[in-house]
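If you read the sequence shown in the numbering used here, its first letter stands for residue 297, the second for the next number, and so on. Even for Gly, the Cβ is constructed at its ideal location relative to N, Cα and C. Given the structure is predicted, the values throughout are model-derived calculations rather than measurements.
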Amino acid sequence: MACFYGVSGRNLQGQYKDFLSDFKVWDQISHAKKWLLFPRNIGKRLSIDETSLSNGELYTILTNKSGKGRKGTIVAMVAGTKAETVIGVIEKIPLKQRNLVKEITLDMAGNMGLIAKKCFPNATRVTDRFHVQKLATEALQEIRIKYRWEAIDIENEAMERAKKSNVNFQSNILPNGDTLKQLLARSRYFLYKTKSKWTQNQTERAALLFKLYPDIQKGYNLTQELRGIFENTKDKIIGFAKLAKWHEKVNQSGFKSF
Numbered sequence: 297m298a299c300f301y302g303v304s305g306r307n308l309q310g311q312y313k314d315f316l317s318d319f320k321v322w323d324q325i326s327h328a329k330k331w332l333l334f335p336r337n338i339g340k341r342l343s344i345d346e347t348s349l350s351n352g353e354l355y356t357i358l359t360n361k362s363g364k365g366r367k368g369t370i371v372a373m374v375a376g377t378k379a380e381t382v383i384g385v386i387e388k389i390p391l392k393q394r395n396l397v398k399e400i401t402l403d404m405a406g407n408m409g410l411i412a413k414k415c416f417p418n419a420t421r422v423t424d425r426f427h428v429q430k431l432a433t434e435a436l437q438e439i440r441i442k443y444r445w446e447a448i449d450i451e452n453e454a455m456e457r458a459k460k461s462n463v464n465f466q467s468n469i470l471p472n473g474d475t476l477k478q479l480l481a482r483s484r485y486f487l488y489k490t491k492s493k494w495t496q497n498q499t500e501r502a503a504l505l506f507k508l509y510p511d512i513q514k515g516y517n518l519t520q521e522l523r524g525i526f527e528n529t530k531d532k533i534i535g536f537a538k539l540a541k542w543h544e545k546v547n548q549s550g551f552k553s554f
């Protein structure tokens, strides 16, 4: 807009803030850096999560699902993730309004559970399935990282032996051109994706990885099975049964990270 009217963008920003908008008489200006509250945006189905907006600083954000990201979605935004602080802000909303909330979606963090329990006593707390899938994927990545460190240690020891023997060290090259260390490092990204979204290079790399490390393949299959349960199961009872079977497979796998 500044370019269209041939004026300085910084000047236009200042003019809007100081004269065109109601910023200077905004009723939340005194605490806006610490928290914001919009009680009128509350609804029956809410979500609460933490996010990083700038400089790595975390904020807790409470949103109305029916807003779908549009104007009127944010119910509260609080700097930090400390439960007591967030509860203190949300409880500024009258209890009568908070008691109308029927469902709140959150991750598995203890502070989020405490906030939801204290602020919305009548709401059913639902764990966001994307957070559950994320935990499973992180468990898979732990297995990959463990093997990568082992490969690094083995290569370092081999280099040290070669140095003592006064011979040139050469890493073993796999059929796709990777060293073992590179294979484990470069496998990180495709393990987040379904097989249908792999490129040709990723498919070849996965075949090598799974052949050399069957545990990674087993872990990958577990993460994809969990994804399939959430994406393809519509009936809650059937879903619980499938999750129970999946959990038994995890126990049988012996993976502590899962």
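Using a 10 Å radius around the Cβ and a threshold of 16 neighbouring Cβ atoms, would you call Gln324 buried or exposed?
As a working mapping, residue 324 is identified with position 28 in the sequence shown. Gln324 should be labelled exposed.
N- and C-terminal bounds of the beta strand (DSSP E) containing Val374
Translated into the one-based positions of the sequence shown, residue 374 becomes position 78. First-last of the beta strand (DSSP E) with Val374: Ile370 to Ala375.
Do Ile338 and Leu402 have their CB atoms nearer than 8 Å?
Locating residue 338 in the sequence shown gives position 42, counting from the first residue. Locating residue 402 in the sequence shown gives position 106, counting from the first residue. Not a contact, by the Cβ cut-off of 8 Å.
How do the stretch 427–445 and the stretch 509–518 stand: do at least 3 beta-carbon pairs fall below 8 Å, yes or no?
With three or more CB-CB distances shorter than 8 Å, the stretch 427–445 counts as touching the stretch 509–518.
Pull up the DSSP beta-bridge partners for Arg421, would you.
The residue labelled residue 421 in the question sits at position 125 within the sequence shown. Residue pairing of Arg421 in beta bridges, as defined by DSSP: Ile400.
Give every residue of the same chain whose Cβ lies closer than 6 Å to the Cβ of Ser467, excluding the five residues on either side of it in the sequence, and list them in chain order.
The residue you call residue 467 lines up with position 171 of the sequence shown. These residues qualify, in order along the chain: Thr475.
Beta-bridge pairing of Thr499 - partner residues as DSSP gives them:
Against the sequence shown, residue 499 aligns to sequence position 203. Answer is none; Thr499 lacks a bridge partner.
Three-state secondary structure assigned by DSSP to Asp449
In the sequence shown, the residue the question calls residue 449 occupies position 153. Shown here, Asp449 sits in a helix according to DSSP, grouped into three states.
Output yes if chain D places a C-beta closer than 8 Å to the C-beta of Lys530; else output no.
Judged by its chain identifiers, the structure shown contains no chain D, having just a single protein chain.
Using the beta-carbon count (16 or more within 10 Å), is Asn452 buried or exposed?
Looking up residue 452 in the sequence shown gives position 156. Classification of Asn452: exposed, given that the 10 Å Cβ count is below 16.
For Arg336, which residues does DSSP report across the bridge?
Locating residue 336 in the sequence shown gives position 40, counting from the first residue. DSSP, once it has assigned bridges, lists no residue as partnering Arg336.
Helix, strand or coil for Glu456, going by three-state DSSP, please let me know.
On the sequence shown, position 160 is the one that residue 456 refers to. Of the three classes helix, strand and coil, the one that applies to Glu456 here is helix, per DSSP.
Please check the pair Leu375 and Lys329, which I expect to be a contact at CB under 8 Å, by giving their CB distance rounded to whole angstroms.
Within the sequence shown, residue 375 is the residue found at index 79, counting from 1. Within the sequence shown, residue 329 is the residue found at index 33, counting from 1. The sequence given here has Ala at residue 375, not Leu. That belief holds up - the Cβ atoms of Ala375 and Lys329 are roughly 7 Å apart, short of 8 Å.
DSSP has Glu346 in a bridge; who is on the other side?
On the sequence shown, residue 346 is found 50 positions in, with the first residue counted as 1. Answer by DSSP bridge pairing, in chain order: Thr356.
When DSSP builds the beta bridges, which residues end up paired with Ile525?
Position 229 of the sequence shown holds residue 525. Ile525 pairs with nothing; no bridge assigned.
Cut-off 8 Å between Cβ atoms - residues of its own chain near Arg482, not counting five sequence neighbours on either side
The residue you call residue 482 lines up with position 186 of the sequence shown. Excluding residues within five positions, the ones whose Cβ falls inside 8 Å are Asp474 and Arg501.
Name the two residues that bound the continuous alpha helix (DSSP H) containing Thr381.
For this step, residue 381 is matched to residue 85 along the sequence shown. Ala379 to Ile386 is the extent of the alpha helix (DSSP H) around Thr381.
Expected contact under 8 Å - CB spacing of Gln429 and Arg523 to nearest Å
As a working note, residue 429 is residue 133 in the sequence shown. As a working note, residue 523 is residue 227 in the sequence shown. The C-beta distance from Gln429 to Arg523 rounds to 6 Å, short enough to meet the 8 Å contact threshold.
Would you check if the stretch 487–500 and the stretch 407–427 touch, i.e. whether three or more CB-CB distances between them fall below 8 Å?
no
So, do the stretch 543–554 and the stretch 515–522 have three or more beta carbon pairs nearer to each other than 8 Å?
yes
Just to check my reading of the structure: Leu333 and Val385 have Cβ atoms closer than 8 Å, yes? What is that Cβ distance to the nearest angstrom?
Locating residue 333 in the sequence shown gives position 37, counting from the first residue. Locating residue 385 in the sequence shown gives position 89, counting from the first residue. At roughly 6 Å, the Cβ-Cβ gap stays under 8 Å, so Leu333 and Val385 are in contact.
Span of the alpha helix (DSSP H), counted from its first residue to its last, around Trp542
For the purposes of this step, residue 542 is taken as the residue at position 246 of the sequence shown. Run containing Trp542: Lys532 to Ser549, per the alpha helix (DSSP H) assignment.
Just reading off the alpha helix (DSSP H) that Gln311 is part of, what are its end residues?
Against the sequence shown, residue 311 aligns to sequence position 15. First-last of the alpha helix (DSSP H) with Gln311: Gly305 to Gln311.
How would you call Thr359, buried or exposed, if buried means at least 16 neighbouring beta carbons within 10 angstroms?
Mapped onto the sequence shown, residue 359 falls at position 63. By the 10 Å Cβ count, Thr359 comes out buried.
Output the distance between the C-alpha atoms of Met408 and Gln478, rounded to the nearest integer angstrom.
Stepping through the sequence shown from its first residue, residue 408 is reached at position 112. Stepping through the sequence shown from its first residue, residue 478 is reached at position 182. Taking the straight line joining both Cα atoms gives about 38 Å.
Would you give the residue range spanned by the alpha helix (DSSP H) that Met297 belongs to?
Indexing the sequence shown from 1 puts residue 297 at position 1. Looking at the DSSP string, Met297 is not in any alpha helix (DSSP H), and its letter there is neither H nor E.
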